[in-house]
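Working notes for the structure below.
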Amino acid sequence: MSKRKSIKYQVRGKLTKRLAIGKKRHRYKDKRGRSPYIHSWSTYNSYVKHCIAFGLWVRSRYDIGDIDNMQIFVETYLQWRISQELSAWTIALDAAALAKLYDGHIDDFDIALPQRHRADVKRSRGEIKHFDEAKHQQVVNFCKSTGLRRHELAELKKADISEDGKTVFVRRGKGGKSRTVPTMNGHCEDVTAVAERCQSDDNKVFSKSDLPARMPIHRYRADYAKAQYQHLARPVDEIPRKDRYVCRRDKAGTVYDKQAMAAVSKMLGHNRIDVIAYSYL
Numbered sequence: 012m013s014k015r016k017s018i019k020y021q022v023r024g025k026l027t028k029r030l031a032i033g034k035k036r037h038r039y040k041d042k043r044g045r046s047p048y049i050h051s052w053s054t055y056n057s058y059v060k061h062c063i064a065f066g067l068w069v070r071s072r073y074d075i076g077d078i079d080n081m082q083i084f085v086e087t088y089l090q091w092r093i094s095q096e097l098s099a100w101t102i103a104l105d106a107a108a109l110a111k112l113y114d115g116h117i118d119d120f121d122i123a124l125p126q127r128h129r130a131d132v133k134r135s136r137g138e139i140k141h142f143d144e145a146k147h148q149q150v151v152n153f154c155k156s157t158g159l160r161r162h163e164l165a166e167l168k169k170a171d172i173s174e175d176g177k178t179v180f181v182r183r184g185k186g187g188k189s190r191t192v193p194t195m196n197g198h199c200e201d202v203t204a205v206a207e208r209c210q211s212d213d214n215k216v217f218s219k220s221d222l223p224a225r226m227p228i229h230r231y232r233a234d235y236a237k238a239q240y241q242h243l244a245r246p247v248d249e250i251p252r253k254d255r256y257v258c259r260r261d262k263a264g265t266v267y268d269k270q271a272m273a274a275v276s277k278m279l280g281h282n283r284i285d286v287i288a289y290s291y292l
């Protein structure tokens, strides 16, 4: 009899088959606007983590080792997660990961998922605990000036920063895509100051100690996004109706400039302007 494969091995095997890194998501969207594939490594790693947790939970309670035989327990698991009073965002991620694992959609689950509200998002909001900004001021200034993600900062080299500090080139952003990021107006010196610490163009700009885990990098990305949006956005009364983005849910009635949103979205390495509206502005 062959050795039973681990939950981790099975999950990775199934989700790896759904990888489509670098491929355009919109080309694969179905009638419900969803792609059956995974288009970024960050999403893949997140889904693997959540699916493994599901598999271990089922195995510990029902003594089932085959991930394919666990699908009938998805709704039971999600209900249990809700009972643990986890955030709506975490449960939505659970559902998205499991839907991808079993080649379905969140809408297929016979369970009411909790509603997500922007005000409930905890990442990099509120008081910053156990992080000394003054000790890392130069790095903080760079983050606020460029809006880069953590892994983008970690991979950045001196050669990726223009001599005048006006742009930063990201070689591998979300989904493996590259992009050129404009520095926030008036902050070029904050960018060149970091580059000047490197002796060679091939040197990485930041060490691991420069980017501690508690550094609220998403908050700095939001600061960058807001500043760039305010610089580009037209007054509301001057925006043509077709270029107005009207928010819903907890930001109902707020109006943004679609053109400015699209530009800022590109700077941040996103494709959807609604992400900018609800997660950054």
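Residue numbers (the working numbering): 12 to 292.
Ideal Cβ placement from N, Cα and C applies to all residues, glycine included.
Treat the numbers as computed from the prediction; the structure is a model and nothing was measured.
Using 8 Å for Cβ pairs, my map puts residue i next to residue j. What's the rounded Cβ distance?
i: Leu104; j: His61; result: 6 Å
i: Ala236; j: Leu279; result: 6 Å
i: Tyr73; j: Phe65; result: Not quite, the Cβ-Cβ distance comes to about 12 Å (not below 8 Å), so this is no contact.
i: Gln21; j: Ile78; result: 4 Å
i: Asp254; j: Gln270; result: 6 Å
i: Phe142; j: Met226; result: 6 Å
i: Asp234; j: Lys155; result: 5 Å
i: Leu222; j: Ala165; result: 6 Å
i: Arg252; j: Tyr291; result: No, Arg252 and Tyr291 are not in contact; Cβ-Cβ is about 24 Å, not under 8 Å.
i: Val205; j: Gln239; result: Contact flag wrong, Cβ pair sits at about 19 Å.
To the nearest angstrom, how far is it from the Cα of residue i to the Cα of residue j?
i: Asn282; j: Ala273; result: 8 Å
i: Thr194; j: Arg15; result: 52 Å
i: Ala110; j: Asp201; result: 44 Å
i: Asp114; j: Ile49; result: 11 Å
i: Val181; j: Arg161; result: 12 Å
i: Val150; j: Met81; result: 46 Å
i: His229; j: Gly158; result: 8 Å
i: Arg45; j: Asp118; result: 11 Å
i: Arg70; j: Ile63; result: 10 Å
i: Gly24; j: Ile75; result: 18 Å
i: Glu163; j: Val257; result: 31 Å
i: Cys199; j: Val192; result: 12 Å
i: Ala107; j: Asp175; result: 43 Å
i: Tyr56; j: Glu86; result: Note that residue 56 is Asn in the sequence shown here, rather than Tyr. Going by the C-alpha atoms only, they are around 22 Å apart.
i: Arg245; j: Ile32; result: 35 Å
i: His116; j: Ser220; result: 40 Å
i: Lys35; j: Tyr58; result: 19 Å
i: Glu138; j: Glu144; result: With a pLDDT of 49 at Glu138, under the threshold of 50, the modelled position of this residue cannot be trusted; read the value that follows with caution. One C-alpha to the other measures close to 12 Å.
i: Ser173; j: Pro47; result: 39 Å
i: Leu67; j: Val247; result: 51 Å
i: Asp285; j: Arg259; result: 10 Å
i: Ser17; j: Thr54; result: 21 Å
i: Leu112; j: Ser51; result: 15 Å
i: Cys209; j: Thr203; result: 10 Å
i: Glu207; j: Gly197; result: 18 Å
i: Gln148; j: Ala224; result: 15 Å
i: Ser189; j: Lys277; result: 11 Å
From the DSSP output, read off the bridge partner residues of residue i.
i: Thr191; result: Phe180
i: Asp20; result: One point to set straight first is that residue 20 is Tyr, not Asp, in the sequence displayed. None, per the DSSP bridge assignment.
i: Asp268; result: Arg255
i: Leu30; result: Ile49
- Which runs of the alpha helix (DSSP H) spanning at least 4 residues fall entirely within the region 153-188, listed in chain order? As far as the region 153-188 is concerned, its whole alpha helix (DSSP H) runs of at least 4 residues are 161-166.
Can you find at least 3 beta carbon pairs, one from the region 108-127 and one from the region 90-100, that sit closer than 8 Å? Yes: at least three Cβ pairs fall under 8 Å.
Open item on the list: Can you confirm whether the region 208-222 touches the region 168-182 when touching is taken to mean that 3 or more C-beta pairs between the two stretches lie within less than 8 Å?
Closed with: Touching, per the Cβ criterion.
| request: Go through the region 60-116 residue by residue and report every complete run of the alpha helix (DSSP H) that reaches 4 residues or more, in order. | output: For the region 60-116, whole alpha helix (DSSP H) runs of length 4 or above, ordered along the chain, are 85-94 and 99-112.
| Counting pairs of beta carbons, one from the region 257-271 and one from the region 174-187, are three or more of them closer than 8 Å? | The answer is no - the region 174-187 does not touch the region 257-271, with fewer than three Cβ pairs under 8 Å.
| task | Taking only runs that begin and end inside the region 186-238, name each unbroken beta strand (DSSP E) of 3 or more residues, in chain order. | result | The qualifying runs are 190-193.
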